[in-house]
Amino acid sequence: MEMDESINVFGEELIACGGDPVTGFFRDNVCNTCAQDVGSHTVCIEASEQFLEFSRFKGNDLSTPIPEFNFAGIKPGDTWCLCAARWLEAYENDRAPRVHLRKTHIKALEIIPMEILRRYALDLS
């Protein structure tokens, strides 16, 4: 798989989203993507209880540990590379988590308008 260039929504170098739990399509803790990443795991979020409940309700339980995949589950406050379409769906249902724009891949903008992401940014002053 050929990884797309690691560029954030500002056109700068993409920086790591997390580390515990390990995240990203490539499990490199960066919201990198490629043509095979059909989910576009490009939005670096800070998980909230409200979002985790929404995701579980939608059939993607991110909170429950899955030891056989070495996955401890996500807790509120953890960072995670989320699918852009799932973030947009959460936004449309008033359940969107906050985002780290400098850790969010530019490809997320193909699905989510920048002006919406800015409203949820944790890293803008």
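In terms of my numbering, the sequence shown is residues 5 to 129.
From the three backbone atoms N, C-alpha and C, an ideal C-beta is built for every residue, glycine too.
Every value quoted in this text rests on a predicted model; they were computed, and no experiment measured them.
Limits of the alpha helix (DSSP H) - the one that residue i falls within
{"i": "Leu121", "result": "118-123"}
{"i": "Glu96", "result": "88-96"}
As assigned by DSSP and simplified to three states, the class of residue i
{"i": "Glu16", "result": "coil"}
{"i": "Phe61", "result": "helix"}
Under 8 angstroms between C-beta atoms of residue i and residue j
{"i": "Ser52", "j": "Arg60", "result": "no"}
{"i": "Phe75", "j": "Pro25", "result": "yes"}
{"i": "Ala94", "j": "Pro101", "result": "yes"}
{"i": "Ala20", "j": "Val42", "result": "no"}
{"i": "Asp127", "j": "His109", "result": "no"}
{"i": "Thr27", "j": "Glu50", "result": "no"}
{"i": "Leu92", "j": "Ile116", "result": "yes"}
Sheet register partners of residue i (DSSP bridge)
{"i": "Glu53", "result": "Beta-bridge pairing links Glu53 to no other residue."}
{"i": "Thr83", "result": "Glu50"}
Residue i classed as buried or exposed, judged by whether at least 16 other C-beta atoms fall within 10 angstroms
{"i": "Cys38", "result": "exposed"}
{"i": "Phe73", "result": "exposed"}
{"i": "Lys107", "result": "buried"}
{"i": "Phe55", "result": "buried"}
{"i": "Asn64", "result": "exposed"}
{"i": "Arg123", "result": "exposed"}
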